[in-house]
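Peer 1: Quick one: the structure is below, and I'll ask about it shortly.
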Ligand SMILES: C[S@@+](CC[C@H](N)C(=O)[O-])C[C@H]1O[C@@H](n2cnc3c(N)ncnc32)[C@H](O)[C@@H]1O
């Protein structure tokens, strides 16, 4: 099958995992399986557990993965990672990879509603079994709920006014219904008028920031010493969470006036003080990599 999604920062993230051939690895975001395939290629006796909440990725579990003895696919949100792994008898892993957000398949299929460039239903769900869609949010959320989304998830200018504009122009059924409003409200602004609004809606529909916080916390319990946490983000809200998490857990907090115990060590060692960015070559070959940032941490032996 032709791969419809070009994996971002592929070599850099696989290097970051520092794969041991008998290790246990988790790909939290299987997508079209690009990263998973590379991980699997590096395993001999080890195992790869791959998560994706989107049932439509099942078609990418092709001859590369199917019946592979070292591969297990888990169709669940990665926020359930620890529970799902424990249920399969796995308490600790050697590496976790998260390549966050949407795939090219999401953007390129108008019927999923992720793209402001094409007309489609206002859906934006990665998990097609969930009830909340962008249409539900736009047509039913009250002023305060909309204000929070536009202010916190889209950094939208004048979110108070925009929340009221959205309420006053109800109902919305397709992506174009929203673009008509953003074209009017953000007239003359740089970039596409709907970009930030679509980002904010997508984050709310999929609770993207909450599930990211959840899985990062779980990585503290799941990773063995020397295990790697490798995260690729695509916007500043995600990156801020990952950066803060890795920084917090790679520093020992010193309480005022109290000395640090000599045996006290942070849980993580930061492998990337600055994020790794796509090379010039990757940017030329795949413009969708432009906003990607890769951060890597290593679990210390302080357990
Ligand atoms: C950027 S793509 C991953 C692409 C993949 N690394 C590759 O090389 O083909 C992100 C994928 O993660 C999935 N995803 C995003 N958030 C998720 C979550 N919280 N739980 C499970 N899957 C998630 C999406 O459905 C999508 O298929």
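Residue numbers (our numbering): 1148 to 1450.
From the three backbone atoms N, C-alpha and C, an ideal C-beta is built for every residue, glycine too.
1) Go through its chain and collect everything with a Cβ distance to residue 1343's Cβ below 6 Å, but skip five positions before and after it.
2) Do you know offhand how far residue 1478's Cα is from residue 1184's?
3) Is the region 1237 to 1250 touching the region 1169 to 1176, taking contact as three or more C-beta pairs under 8 Å?
4) From what residue to what residue does the beta strand (DSSP E) around residue 1194 run?
5) Please name the residue, chosen from 1254, 1269, 1219, that lies closest to residue 1262 on a Cα-to-Cα basis.
6) What's the C-alpha gap between residue 1251 and residue 1152?
7) Verify the contact flag: residue 1199, CB atom, against every heavy atom of ligand 1, threshold strictly below 8 Å.
8) Write down every uninterrupted run of the alpha helix (DSSP H) in the region 1291 to 1332 whose length is 4 residues or greater and which is fully enclosed by it, in chain order.
9) Looking at the strands, I want to know which residues DSSP matches up with residue 1268.
10) For residue 1375, collect the residues of the same chain with a Cβ closer than 8 Å to its Cβ; drop the 5 residues on either side in sequence, then sort them by chain order.
11) For residue 1388 versus residue 1356, is the C-beta distance shorter than 9 Å?
12) Tell me which same chain residues have a C-beta within less than 7 Å of the C-beta of residue 1266, skipping the five on either side of it?
13) Find out if the Cβ-Cβ distance for the pair residue 1199, residue 1178 is shorter than 9 Å.
14) With distance defined between alpha-carbon atoms, name the residue in 1150, 1181, 1398 nearest to residue 1160.
15) Classify residue 1104 as helix, strand or coil using the three-state DSSP reduction.
16) Within 8 Å, do at least three Cβ pairs link the region 1229 to 1236 to the region 1364 to 1378?
17) Just tell me which of 1297, 1307, 1335, 1281 has its CA closest to the CA of residue 1319.
18) Can you tell me whether residue 1529 is buried or exposed? The criterion is at least 16 other CB atoms within 10 Å of its CB, across all chains shown.
19) What three-state label does DSSP hand residue 1203 in the structure shown?
20) Considering only residues of the same chain and omitting the five flanking positions on each side of residue 1333, which have a CB-CB separation below 6 Å?
21) So residue 1214 and residue 1190 are in contact, right, with Cβ under 8 Å, and what is the actual spacing, rounded?
22) Three or more C-beta pairs under 8 Å: does that hold for the region 1284 to 1299 against the region 1419 to 1433?
23) Under DSSP, the beta strand (DSSP E) around residue 1440 begins and ends at which residues?
24) How many angstroms separate the CA atom of residue 1197 from the CA atom of residue 1187?
25) Among residues of its own chain, excluding the 5 on either side of residue 1415, which ones have a beta-carbon nearer than 7 Å to its beta-carbon?
26) Give every residue of the same chain whose Cβ lies closer than 6 Å to the Cβ of residue 1201, excluding the five residues on either side of it in the sequence, and list them in chain order.
27) If we call anything under 9 Å between Cβ atoms a contact, is residue 1249 one with residue 1362?
28) Going by C-alpha to C-alpha distance, which of 1438, 1226, 1176, 1385 sits closest to residue 1205?
29) Do residue 1382 and residue 1346 count as a contact pair if the criterion is CB distance below 9 Å?
Peer 2: According to the structure shown:
1) Within its own chain, the residues whose Cβ lies closer than 6 Å to the Cβ of residue 1343, once the five positions on either side in sequence are excluded, are 1301, 1303, listed in chain order.
2) Since the displayed the chain opens at 1148 and closes at 1450, residue 1478 lies outside it and no answer follows.
3) Pairwise C-beta distances place the region 1237 to 1250 in contact with the region 1169 to 1176, as three or more of them are shorter than 8 Å.
4) Segment 1194 to 1198, the beta strand (DSSP E) holding residue 1194.
5) When only C-alpha atoms are compared, the closest one is 1254.
6) Distance between the alpha carbons of residue 1251 and residue 1152: 5 Å.
7) With a cutoff of 8 Å, residue 1199 counts as near ligand 1, since its C-beta is closer than that to a heavy atom of the ligand.
8) As far as the region 1291 to 1332 is concerned, its whole alpha helix (DSSP H) runs of at least 4 residues are 1306 to 1315, 1322 to 1332.
9) For residue 1268, which the question treats as bridged, DSSP gives the partners 1321.
10) So the qualifying residues of the chain are 1163, 1164, 1165, 1241, 1242, 1243, 1418, 1443, 1444, 1445, 1446.
11) If you check the CB distance, residue 1388 and residue 1356 come in under 9 Å.
12) If you ignore the 5 residues before and after residue 1266, its C-beta comes within less than 7 Å of the C-beta of 1257, 1321, 1322, 1323, all in its own chain and listed in chain order.
13) Yes, the Cβ-Cβ distance between residue 1199 and residue 1178 is below 9 Å.
14) The shortest CA-to-CA distance from residue 1160 to any of 1150, 1181, 1398 is the one to 1181.
15) Residue 1104 lies beyond the stretch modelled for the chain, which goes from 1148 to 1450, so this question has no answer here.
16) With the cut-off at 8 Å, the region 1364 to 1378 and the region 1229 to 1236 touch.
17) Checking every option, the nearest Cα to that of residue 1319 belongs to 1281.
18) Because the chain spans 1148 through 1450 in this model, residue 1529 falls outside it and cannot be assessed.
19) Correct three-state label for residue 1203: helix.
20) Only residues of its own chain outside the window of five on either side were considered, and among them 1340 have a CB closer than 6 Å to the CB of residue 1333, listed in chain order.
21) Not confirmed; about 15 Å, so no contact.
22) With the rule of 3 Cβ pairs closer than 8 Å, the region 1284 to 1299 does not count as touching the region 1419 to 1433.
23) From DSSP, the beta strand (DSSP E) with residue 1440 extends over 1440 to 1446.
24) If I take the Cα positions, the gap works out to 10 Å.
25) In the same chain as residue 1415, and ignoring 5 residues on each side of it, the C-beta atoms closer than 7 Å to its own belong to 1393, 1396, 1397, 1444, 1445, 1446, 1447, in chain order.
26) Taking C-beta separations shorter than 6 Å and ignoring five residues to either side along the sequence, the partners of residue 1201 in its chain run 1273, following chain order.
27) Taking 9 Å as the Cβ cut-off, residue 1249 and residue 1362 do not qualify as a contacting pair.
28) The residue with the shortest Cα to Cα distance from residue 1205 is 1176.
29) The beta carbons of residue 1346 and residue 1382 sit closer together than 9 Å.
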